[in-house]
Amino acid sequence: MVEILYFAWLRDRLGRSGETLVLSGDEAPSVRDIMDGLRRRGAAYEEIFGEGAGPIRCAVNQEFAALDSPVRAGDELAFFPPVTGG
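For the sequence shown, the UniProt record's numbering gives the first residue as 1, with consecutive numbering after it.
See below:
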């Protein structure tokens with residue numbers, strides 16, 4: 001299982017702060033694979049993860065991650081908007 005966390009406007013659009021995803025098989029999907037699967041769950045997910053969606057960032061186990069980063073059972077995957085300082 002993978003714990004998925006949503007922050008800021010992503011949490012607001014989905015109406016939830018997180019969810020648990022059960023992985024099937026022994027292979028580790030990429031962040032992109034998981035995003036593609038989530039996108040098919042409905043309009044709110046499509047708005048966040050779809051082709052025309054704005055930029056979002058992700059972290060695996062509290063480390064910034066690329067879209068091709070593997071996600072394994074027991075990992076925490078977080079999605080959040082870009083952060084700027086100032």
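All C-beta atoms in this analysis are idealised placements derived from N, C-alpha and C, irrespective of residue type, glycine included.
Quick caveat, the model's predicted, so the values are computed rather than measured.
- Judged by DSSP in its simplified three-state form, Glu-46 adopts helix.
- In this structure, Ala-53 lies away from Phe-7, with their beta-carbon atoms at least 8 Å apart.
- With contacts defined as CB atoms closer than 8 Å, Val-22 and Met-1 qualify as a contacting pair.
- Gly-18 carries a strand assignment under DSSP once its states are collapsed to helix, strand and coil.
- Comparing alpha carbon positions, the residue from Glu-46, Ala-73, Ser-69 closest to Leu-14 is Glu-46.
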